[in-house]
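Residue numbers (the working numbering): 65 to 156.
Ideal Cβ placement from N, Cα and C applies to all residues, glycine included.
This structure is a prediction, so every number in the text was calculated from the model and none was measured.
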Amino acid sequence: MRFGVIRFPGSCDETDAVQACERVPGCSATLLWHGDRELHGVEAVVVPGGFSYGDYRRVGAIARYSPVMESVITATLAQLQAAHGALAALFP
Numbered sequence: 065m066r067f068g069v070i071r072f073p074g075s076c077d078e079t080d081a082v083q084a085c086e087r088v089p090g091c092s093a094t095l096l097w098h099g100d101r102e103l104h105g106v107e108a109v110v111v112p113g114g115f116s117y118g119d120y121r122r123v124g125a126i127a128r129y130s131p132v133m134e135s136v137i138t139a140t141l142a143q144l145q146a147a148h149g150a151l152a153a154l155f156p
């Protein structure tokens, strides 16, 4: 399985998420920039937390309008969330 970990401005632990995904046998991971629409063929997406924004809705507000999230919402992928703020981006 190929994981994509989204990197937002102010997100944290995205490199840890990449390393965790790569430790799963047979899996690989890549970082996805929030400003790009391309998912680069990933089969699952990890949405990291935004603790530099105080771990509340701010990261969700940024994620909601990020081009990559439009692709995530319309794609048929497994979606994993690492913190509650980003979840708001998945539900308009």
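Contacts around residue i, its chain only, beta-carbon distance under 6 Å, and the 5 residues preceding and following it disregarded
i	result
E107	M65, R66
S135	R101, L103
L96	G68, I70, V132
Nearest-angstrom beta carbon gap, residue j and residue i [assumed within contact, 8 Å]
i	j	result
E78	R71	5 Å
C76	C85	In fact, because the Cβ distance is near 16 Å, the residues do not count as touching under 8 Å.
Contacting residues, own chain, Cβ-Cβ under 7 Å from residue i (five flanking each side not counted)
i	result
A81	V69, V110, P112, A146
G105	R66
Neighbourhood of residue i by C-beta, 8 Å cutoff - its chain only, sequence neighbours within 5 removed
i	result
G99	S130, P131, V132
Buried versus exposed call for residue i [16 or more other C-beta atoms within 10 Å across all chains shown]
i	result
P73	exposed
A127	buried
A193	Nothing about residue 193 can be read from this structure; the chain reaches only from 65 to 156.
Q83	exposed
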